[in-house]
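Undergrad:
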Amino acid sequence: MTIAGVTWRGDGLAGRVGDWLVRHQATIRRLQWSVVGIYLVLVAVPAFLPLPDRSAHIWSNITVFAQFVFWGIWWPFVLLSMVLVGRSWCGLICPEGTLTEFASRYGQGRALPRWLTWGGWPFVAFACVTIYGQMVSVYQYPKPVLVVLGGSTVAAVLVGLRYGRNKRVWCRYLCPVNGVFALLSKLSPLHFRVDPAAWHASQRRREHPARVNCAPLVPIRTMRGAGECHMCGRCSGFREAVSLATRAPNEEIVNVAGQRAHPWETVLIVFGLMGIAVGSFHWSASPWFITVKQALAEWLIDHGVTWPLETTAPWWILTNYPAQNDVMTLLDGAVLIGYILATGLIVGGAVTLLLAGATRALGAWSWRRFHHLAQTLVPLAACGVFLGLSALSVTLLRAEGVTLSWVGAARGFFLAGAALWSIWLAWRVAGLTAHGLPRGLATACVALATVVGLSGWGLLFWVW
Ligand code: SF4
2 MTIAGVTWRG DGLAGRVGDW LVRHQATIRR LQWSVVGIYL VLVAVPAFLP
52 LPDRSAHIWS NITVFAQFVF WGIWWPFVLL SMVLVGRSWC GLICPEGTLT
102 EFASRYGQGR ALPRWLTWGG WPFVAFACVT IYGQMVSVYQ YPKPVLVVLG
152 GSTVAAVLVG LRYGRNKRVW CRYLCPVNGV FALLSKLSPL HFRVDPAAWH
202 ASQRRREHPA RVNCAPLVPI RTMRGAGECH MCGRCSGFRE AVSLATRAPN
252 EEIVNVAGQR AHPWETVLIV FGLMGIAVGS FHWSASPWFI TVKQALAEWL
302 IDHGVTWPLE TTAPWWILTN YPAQNDVMTL LDGAVLIGYI LATGLIVGGA
352 VTLLLAGATR ALGAWSWRRF HHLAQTLVPL AACGVFLGLS ALSVTLLRAE
402 GVTLSWVGAA RGFFLAGAAL WSIWLAWRVA GLTAHGLPRG LATACVALAT
452 VVGLSGWGLL FWVW
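Each residue of the sequence shown is one higher than the last, beginning at 2 in the numbering used here.
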């Protein structure tokens, strides 16, 4: 097949899918703009309607419907899609990606400042949005949805208007879930594979194919993994060297992720997904949260300080819905933030120590090895966040009278499977450095780290 003087080729079924994507960019754009329309309606309209009463159903009330779409389907299944088909959501469907790229076509096209490319944004943005979402009860009420999702969309458009030309600078550097998506897509069995030999051969033949606009700014020639690629398909067949291909789900973490240290990815896995995310799902069910809050309240009253127990804040700072009997005081908010941060530090600290033990078990200290071992926890971290988010789907479906008696067993199955997957990855990664006892000790340390991760979800799903 020849497009714009370039011969494009597929490679098996996956390759043909890649070629289909490159030939049907107009169809993909129509799909993207349809999603933008639906997304804007579901984000904006419920915020201007009265809150639904107890008789409202998913099928009869747009607010409940939007709640179910965003938190019951969108988030958990977008996360799952990362593991199954890489970041196809980002490249083919995501409304923010569509809008920011569209805006950057007509914007100022400025060069990227250094602050914007800081590697810590994926963790910082994820942590801030996660905690803020809990402060304003984003899963329960439509106005916070407008602030959190709508605010993110406005920011994406503004970044598009200012930086890059036809690019997705927001998605690449600032999107709050960019880091999470990049981690999960490392497990995907699908990726765009670059054949360096074919690329060089094309250059030797002095071919000058039409340029590919890689909107998320991936250096295609040196791309080795799926973390940064949005699977848009535009480069499929480029220089007869790029094609959609299948691979073993362990391939990237075992053989690619260790080539370069990724400290911020480690922070996101260990303190973000295994810590802060757990705390944000925990606090509302946690007896420890109640105990700490009561102890602090008694202490404050004993010392004659009552304003933190009486003062509330606007709904866009702390949950404030008196008619629903759902109001947070300053004390509630402070304990909530403290609880989530403490969970992040305690779980993240314990996992960090165990990863350090695994690193030392394999020989002299190596930061690169430490960060590589952290990547082996991606399956468990991903599974936990998926189950945490899908708990909302379960709650919403149960409220509709759907019987889901199998959910507990399914959760146990998935968590155990994800932990075993992480342990197997640790065994494979440790085997790149050592064999015998050191390899076994390193794997045992990672296994203990999975126990730490499992404990948090075990408390939430089976103990409290
Ligand atoms: S490397 Fe860029 S152009 Fe190619 S599929 Fe990925 S996101 Fe699209």
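Backbone N, C-alpha and C fix where the C-beta goes; we use that ideal spot for every residue, glycine too.
Since the structure is predicted, the reported quantities are computational estimates derived from the model, not experimental observations.
#1: If we count the other Cβ atoms within 10 Å of its Cβ and call it buried at 16 or more, is Ala5 buried or exposed?
#2: Would you say Leu416 and Cys384 are within 8 angstroms of each other, going by their C-beta atoms?
#3: Given a cut-off of 8 angstroms, decide if Pro143 and Ala258 are closer than it, judged by their beta-carbon atoms.
#4: Thr451 and Ala411: beta carbons closer than 8 angstroms?
#5: State the Cα-Cα distance for the pair Trp9 and Ser244, rounded to the nearest angstrom.
#6: With a 10 Å radius around its C-beta and 16 neighbouring C-beta atoms as the bar for buried, classify His283 as buried or exposed.
#7: If the criterion is Cβ atoms closer than 8 angstroms, does the pair Leu378 and Ile221 meet it?
#8: In the DSSP output, what is Asp327 paired with across the bridge?
#9: For the candidate residues Trp428, Asn321, Phe462, whose alpha-carbon lies nearest to that of Val137?
#10: Report all residues from its chain with a CB closer than 8 angstroms to the CB of Ser456; omit the five preceding and five following residues, and keep chain order.
#11: Is the number of C-beta pairs between the segment 65–79 and the segment 184–199 that are closer than 8 angstroms three or more?
#12: Within the continuous alpha helix (DSSP H) that includes Leu310, where are the two ends?
#13: Identify, in the order they occur along the chain, each residue of the same chain with its Cβ nearer than 6 angstroms to the Cβ of Gly349, setting aside the five sequence neighbours on each side.
#14: So the candidates are His304, Val328, Ala249, Ala296; which of them puts its Cα closest to the Cα of Ala314?
#15: Applying the 10 Å Cβ sphere with the 16-neighbour rule, what's the burial state of Pro323?
#16: Taking the straight line between their C-alpha atoms, what separation do you get for Arg370 and Pro96?
#17: Since Asn214 contacts Arg235 with CB under 8 angstroms, what's their CB separation in whole angstroms?
#18: Kindly indicate which three-state DSSP category Arg206 falls into: helix, strand or coil?
#19: Can Ile221 be considered in contact with ligand 1, in the sense that its beta carbon sits closer than 7 angstroms to one or more heavy atoms?
#20: Quick one, are the C-beta atoms of Ser82 and Trp90 less than 8 angstroms apart?
#21: So Ala246 is in the beta strand (DSSP E); what residue range does that whole segment cover?
#22: DSSP three-state label for Val178, please.
#23: By the 10 Å Cβ neighbour count, where 16 or more other Cβ atoms means buried, how is His209 classified, buried or exposed?
#24: To which residues of the same chain is Ala362 closer than 7 angstroms at the C-beta, ignoring the five residues directly before and after it?
#25: Exposed or buried, what is Gly466 when buried is set at 16 or more other beta-carbons lying within 10 Å of its beta-carbon?
TA: If we stick to the structure as given:
#1: For the purposes of this step, residue 5 is taken as the residue at position 4 of the sequence shown. Note that Ala5 has pLDDT 40, beneath the 50 cutoff, so the model's placement of it is unreliable and the number below is only indicative. Ala5 should be labelled exposed.
#2: Here residue 416 corresponds to residue number 415 of the sequence shown, with the count starting at 1. Here residue 384 corresponds to residue number 383 of the sequence shown, with the count starting at 1. Going by C-beta atoms, Leu416 is nearer than 8 angstroms to Cys384.
#3: As a first step, residue 258 must be located in the sequence shown, where it is residue number 257. As a first step, residue 143 must be located in the sequence shown, where it is residue number 142. The answer is no: Cβ separation not under 8 angstroms.
#4: Here the question's residue 451 lines up with position 450 in the sequence shown. Here the question's residue 411 lines up with position 410 in the sequence shown. Cβ atoms of Thr451 and Ala411: not closer than 8 angstroms.
#5: As a position in the sequence shown, residue 9 is number 8, starting the count at 1. As a position in the sequence shown, residue 244 is number 243, starting the count at 1. Any reading at Trp9 needs caution, since the residue's pLDDT is 44, under 50, leaving its predicted position unreliable; the model's value is listed next. Cα to Cα, Trp9 sits roughly 9 angstroms from Ser244.
#6: The residue labelled residue 283 in the question sits at position 282 within the sequence shown. Buried, because 16 or more other Cβ atoms sit within 10 Å of the Cβ of His283.
#7: Taking the sequence shown and counting its residues from 1, one reaches residue 378 at position 377. Taking the sequence shown and counting its residues from 1, one reaches residue 221 at position 220. Result no, Cβ atoms of Leu378 and Ile221 do not sit closer than 8 angstroms.
#8: Counting from 1 along the sequence shown, the entry for residue 327 is found at position 326. Beta-bridge pairing links Asp327 to Tyr322.
#9: Locating residue 137 in the sequence shown gives position 136, where the first residue counts as 1. Nearest of Trp428, Asn321, Phe462 to Val137, Cα basis: Asn321.
#10: Here residue 456 refers to the residue found at position 455 when the sequence shown is read from its first residue. Nothing listed; no residue qualifies.
#11: no
#12: Taking the sequence shown and counting its residues from 1, the one referred to as residue 310 is at position 309. Per DSSP, Leu310 belongs to the alpha helix (DSSP H) from 308–311.
#13: Taking the first residue of the sequence shown as 1, we reach residue 349 at position 348. Around Gly349: Val271, Phe272, Gly276.
#14: To locate residue 314, count along the sequence shown from 1; it is residue 313. Out of His304, Val328, Ala249, Ala296, Val328 has the C-alpha closest to the C-alpha of Ala314.
#15: Translated into positions along the sequence shown, residue 323 becomes position 322. Exposed, by the Cβ-count rule.
#16: Here the question's residue 370 lines up with position 369 in the sequence shown. Here the question's residue 96 lines up with position 95 in the sequence shown. Cα-Cα distance, rounded: 37 angstroms.
#17: Numbered from its first residue, the sequence shown carries residue 214 at position 213. Numbered from its first residue, the sequence shown carries residue 235 at position 234. Yes, Asn214 and Arg235 are in contact; Cβ-Cβ is about 6 angstroms, under 8 angstroms.
#18: Here residue 206 refers to the residue found at position 205 of the sequence shown. In this structure, Arg206 counts as coil in the three-state DSSP scheme.
#19: By 1-based counting over the sequence shown, the position of residue 221 is 220. True, at least one ligand heavy atom lies under 7 angstroms from that Cβ.
#20: As a first step, residue 82 is located in the sequence shown; it is residue number 81 there, counting from the start. As a first step, residue 90 is located in the sequence shown; it is residue number 89 there, counting from the start. Contact: yes.
#21: Within the sequence shown, the letter at position 245 stands for residue 246. Its beta strand (DSSP E) spans residues 243–247.
#22: Start at 1 with the first residue of the sequence shown, and residue 178 comes out as number 177. Val178: coil per DSSP, three-state reduction.
#23: As a first step, residue 209 is located in the sequence shown; it is residue number 208 there, counting from the start. Exposed, because fewer than 16 other Cβ atoms sit within 10 Å of the Cβ of His209.
#24: By one-based count along the sequence shown, residue 362 stands at place 361. Excluding residues within five positions, the ones whose Cβ falls inside 7 angstroms are Pro439, Leu442, Ala443, Cys446.
#25: Any answer about residue 466 is impossible in this case: the structure gives the chain only from 2 up to 465.
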